[in-house]
Amino acid sequence: MLHRILDFSVRQRGTVFLITLIFAGIGIWSAFRLPIDAVPDITNVQVQINTAVPALAPEEIERIVTFPIENEMAGIPGMTDLRSLSKFGLSQVNLIFEDGTDIYRARQLVSERLQNIQDELPSGLTPRLAPISTGLGDIFYYVIDYTPDAPHKPATREEQLMELKLIHDFTVKPRLRATPGVAEINTSGGYEKQIIVSPDPSKLASVGLTFGEVGNVITESVENAGGGVIQLGGEQVAVRAAGRVQSIEDISNLPLKFTGRTDILRIQDIATVGIGTEIRTGASTWNGKECVLGGALMLAGENSRLVAKAVSEKLNEIQERLPEGVVITQLYDRMVLVDRTISTVEKNLFEGAVFVVVVLLLLLGNWRAALIVSLAIPLSLLFAITGMVQGKISGNLMSLGAIDFGLIVDGAVVMVENIIRHLAHKQGELRRRLTPSERIQEVIVSAKEVCSPMFFGVVIITIVYVPILALTGIEGKTFKPMALTVIFALVGSLVLALTLMPALCSKFLGGNIAEKDAWLMRAAKAIYAPLLRFALRFKLLIVGGAIAVFVCAMMVYNKLGAEFVPQLDEGSFAIHMIRTNSIGIDASVAMQEASDKVLLEKFPEIDYVFTRIGTAEIATDPMGVNVSDVYVFFKPHETWRKIDGRTMTKEDMATLMAKELGPRFPGQAYLFSQPIEMRFNEILEGTRADIAVKIFGEDFEVLEKLATEAREVLERIPGAADVEFDALGKTPLLEIVPRRAAMTNYNLHANEVNQVVASALAGANAGLLLDGNRRYPIIVRLPESQRRDLNVLKQLPLRTDD
């Protein structure tokens with residue numbers, strides 16, 4: 141079979157050249173469509189179910205929301221693991237599926253199960269599937285803010301953040317979501333504008349009304365109705381009842397109750413109506429100031445570099461549509477990291493290719509032969525890229541960085557070198573140049589002589605990578621792309637060595653061919669020959685020495701450390717700041733703003749800082765308000781300060797930051813990582829730290845004591861840098877417990893108490909107030925000052941007096 145291929149390749153070399161050009165064109169076409177990323181995406185196939193639960197405590201969320209969803213999801217085909225989280229405001233269930241599962245089919249199965257569970261959940265709760273993204277889908281962050289001299293800028297920062305969030309949600313977000321490759325736009329920070337109706341409990345009680353009845357009155361006035369069509373004067377006219385309230389004044393003047401008095405009791409008589417905000421579960425800061433932060437989530441399977449570039453271009457277009465004085469600042473662009481990583485890979489590949497070509501020129505002794513062999517490098521690379529595109533493998537540090545040009549040209553070197561030797565011998569025998577037919581015949585003979593050992597040699601090298609293809613899970617996602625890329629390149633080099641190399645030699649190795657060693661080979665042989673004679677004379681010494689070296693190497697190997705993958709320097713920090721569980725969001729934001737200012741003031745190497753606190757609008761990464769992810773971006777490394785005569789490293793920077801922040805903010809813990817590295821740790825271990833210790837049990841006080849002891853032990857381990865609690869302390873809980881005997885006397889039921897507590901404290905949604913294309917929820921609840929007054933809570937009216 142191999143001989144037939146060689147005969148065809150040499151005798152039909154025009155066809156071989158044409159096929160090679162076609163494949164080269166396909167390779168170039170594939171190169172422009174190769175997904176590019178910094179590292180392989182190791183995220184497993186997962187579907188996330190988020191349910192917003194604004195009023196219940198975490199224990200209640202677990203019992204009546206999370207647990208029923210978990211039960212319904214059990215047994216879905218292909219599911220391998222199920223994890224859940226219940227925290228204030230959110231129930232989250234993560235379903236992990238087998239590798240290779242179609243994500244759209246998995247989401248369809250989950251959606252069908254959710255339909256079955258909907259009736260069992262409390263009214264008003266709607267489970268939603270998270271966007272079709274991956275753990276590394278956060279590819280772009282930006283902030284929207286006012287310039288210092290912006291006209292029509294609201295007076296207070298809270299009003300500015302409220303207006304900025306409206307601009308983002310109704311101007312930026314809809315246009316940005318239309319960018320190809322974007323799964324969703326996430327928002328963190330700002331205030332959601334709401335129309336707050338705050339009844340006075342004492343006035344409600346005096347007129348015999350409840351919170352629920354106030355909400356019902358508003359609900360009856362926030363909708364329009366259609367009356368079909370009528371024929372009027374020979375024309376068809378649509379009929380509409382325009383009963384929807386149009387302004388805050390309309391809400392204030394809604395009638396509540398007709399009494400014996402002349403005046404009608406209106407909402408403004410017992411409540412204040414004004415603009416307010418929702419109860420927040422997350423916030424963001426930028427350079428020590430609270431901000432509105434937007435983030436683009438990439439659709440699973442897309443090219444992160446191209447999507448990030450498209451998002452950046454789209455934001456530049458959107459900027460022109462924003463009001464004067466409102467600007468979008470791009471903070472984190474995955475394309476920058478990808479470009480830097482790929483440029484490093486390209487530099488290394490180029491230098492490697494040049495080095496191999498130089499070595500070929502020095503060793504082969506024939507510049508035409510060296511150039512022919514060198515063609516195997518770009519053509520094999522294009523062959524590998526074509527296979528990567530067809531196999532949906534991204535070009536990244538692991539896949540492209542694994543290509544070894546020395547292995548690629550191995551078969552071609554054997555083939556071409558033997559052809560040169562045969563041509564030189566034949567010319568020596570005939571004492572003249574070979575005719576074209578003689579050259580073709582000699583090329584075929586010499587190629588057939590080495591084709592079998594060359595073929596099996598390359599195949600053996602390729603087989604070395606085959607066991608890697610058996611890896612599964614995280615290991616498979618990390619290393620299988622590398623193995624497949626190398627296999628594609630080796631297969632391409634083998635095909636070229638059997639077809640193109642003999643064809644090129646028969647075409648371009650005419651004229652005088654002399655078999656002679658280059659000067660470098662002669663020098664190498666001069667050194668090697670005496671060493672070989674010595675080794676053959678003292679066999680036992682050489683074998684014994686080799687065995688001794690092997691034993692020593694095994695002893696050293698057992699003491700070597702191990703890393704799953706080499707650490708990629710992303711050029712930035714992701715600092716995980718953890719505060720006590722009981723902290724409120726306002727205090728957490730204030731502490732974060734102060735921390736940001738200290739970093740910017742004390743470390744001139746920092747370019748800018750932005751932070752995500754708590755849970756964003758789409759809870760792809762749910763955190764408590766006591767936790768924040770701080771992204772620190774630096775100026776060029778050559779501008780950093782020097783320590784002991786050397787430029788400061790990132791490890792030095794992390795140590796100095798911890799020392800500077802620690803005394804200023806007691807009770808705040810720090811974990812230093814990098815943006816992608818942090819997400820990797822979370823995907824692998826469920827935590828942002830490199831190593832995590834989890835202690836399970838029922839008694840929290842015992843668990844906290846054991847966690848403290850474990851921390852002390854871990855801190856004594858050599859090499860342990862940051863050892864911190866992921867959660868410290870309990871979250872305070874205010875319980876309103878009904879008195880059953882008193883409820884029986886008044887013929888009250890728990891549901892009536894629950895409704896009053898939910899509407900007065902959490903707020904009851906009474907509808908929407910429309911303002912052009914904007915819409916604001918109308919919420920009925922106690923004023924903020926009275927929500928913290930226990931005496932007011934005790935006086936909440938429960939039932940209308942008939």
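In our numbering, the protein residues as written are 141 to 942. Ideal Cβ placement from N, Cα and C applies to all residues, glycine included.
Taking 6 Å as the limit between beta carbons, can you name the residues of its chain near Thr-469, skipping five residues before and five after? Val-283
State the DSSP-derived secondary structure class of Trp-780, mapped to helix, strand or coil. coil
Does Leu-672 pass the burial test, meaning 16 or more other C-beta atoms within 10 Å, or should it be called exposed? exposed
Going by beta-carbon coordinates alone, are Met-286 and Val-467 separated by less than 9 Å? According to the sequence as given, residue 286 is Tyr; it is not Met. Yes, the Cβ-Cβ distance between Tyr-286 and Val-467 is below 9 Å.
Does DSSP classify Lys-699 as helix, strand or coil? coil
Could you give the DSSP three-state label for Ala-809: helix, strand or coil? strand
Sorted by chain position, which residues of the same chain lie with C-beta nearer than 7 Å to Glu-298's C-beta, five sequence neighbours on each side aside? Tyr-331
Taking C-beta to C-beta, are Gly-650 and Arg-573 nearer than 9 Å? yes
Within 10 Å of its beta-carbon, does Trp-426 have 16 or more other beta-carbons around it, so buried, or fewer, so exposed? buried
Taking DSSP as the reference, what is the three-state secondary structure of His-716? strand
Burial state of Leu-235 (16 or more Cβ within 10 Å): buried
Assuming Ser-514 and Thr-625 make a contact with CB atoms under 8 Å, what is their CB distance in whole Å? That pair is no contact at about 20 Å.
State yes or no: is the C-beta of Gly-754 within less than 9 Å of the C-beta of Arg-268? no
Segment limits, alpha helix (DSSP H) that includes Ala-666: 659-677
According to the neighbour-count rule (16 or more other Cβ atoms, all chains shown, within 10 Å of its Cβ), is Val-193 buried or exposed? buried
Considering only C-alpha positions, which residue in the set Ile-682, Ala-587, Glu-360 and Leu-660 is nearest to Ala-637? Ala-587
Distance between Gly-441 and Ile-831 (C-alpha atoms, nearest Å): 29 Å
In the DSSP assignment, find the alpha helix (DSSP H) that holds Lys-737 and state where it starts and stops. 725-742
Near Arg-445, which residues of its chain fall below 6 Å by C-beta distance, leaving aside the five closest residues on each side in sequence? Ile-176, Met-475 and Val-478
Only counting the same chain, and skipping five residues up and downstream in sequence, which positions put a Cβ closer than 7 Å to that of Gly-903? Ile-919, Val-920 and Arg-921
Starting from Thr-469 and walking both ways along the beta strand (DSSP E), at which residues does that stretch end? 466-473
DSSP bridge partner residues for Leu-405 (one or two, in chain order): Lys-397
Give the DSSP bridge partners of Arg-786, in chain order. Ile-783
Around the C-beta of Gly-837, are 16 or more other C-beta atoms found within 10 angstroms, so that it is buried, or is it exposed? exposed
Spell out a yes or no on whether the stretch 550-560 and the stretch 632-648 are touching, meaning 3 or more CB-CB pairs, one atom from each, closer than 8 Å. yes
Starting from Lys-532, follow the beta strand (DSSP E) in both directions and report where the run begins and ends. Segment: none, Lys-532 is in no beta strand (DSSP E) and carries neither H nor E.
What residue from Ser-424, Ile-415, Ile-388 and Gly-422 has the CA that sits closest to Gln-408's CA? Ile-388
Can you tell me where the beta strand (DSSP E) holding Lys-227 begins and where it ends? 219-227
If you follow the alpha helix (DSSP H) that Asp-769 is part of, which residue opens it and which one closes it? Unbroken run through Asp-769 is the beta strand (DSSP E), 767-774; no alpha helix (DSSP H).
Does the stretch 534-553 come into contact with the stretch 478-489, if we say contact requires no fewer than three beta-carbon pairs (one atom in each stretch) closer than 8 Å? yes
Distance, Ile-584 Cα to Arg-677 Cα: 40 Å
Own chain partners of Val-496 with C-beta closer than 7 Å, once the 5 adjacent residues on each side are dropped: Ile-517, Phe-545, Gly-546 and Val-549
Arg-804 versus Phe-743 - alpha carbon distance: 15 Å
Short Cβ contact (9 Å threshold) for Ala-436 with Asp-278: yes
According to the neighbour-count rule (16 or more other Cβ atoms, all chains shown, within 10 Å of its Cβ), is Val-842 buried or exposed? exposed
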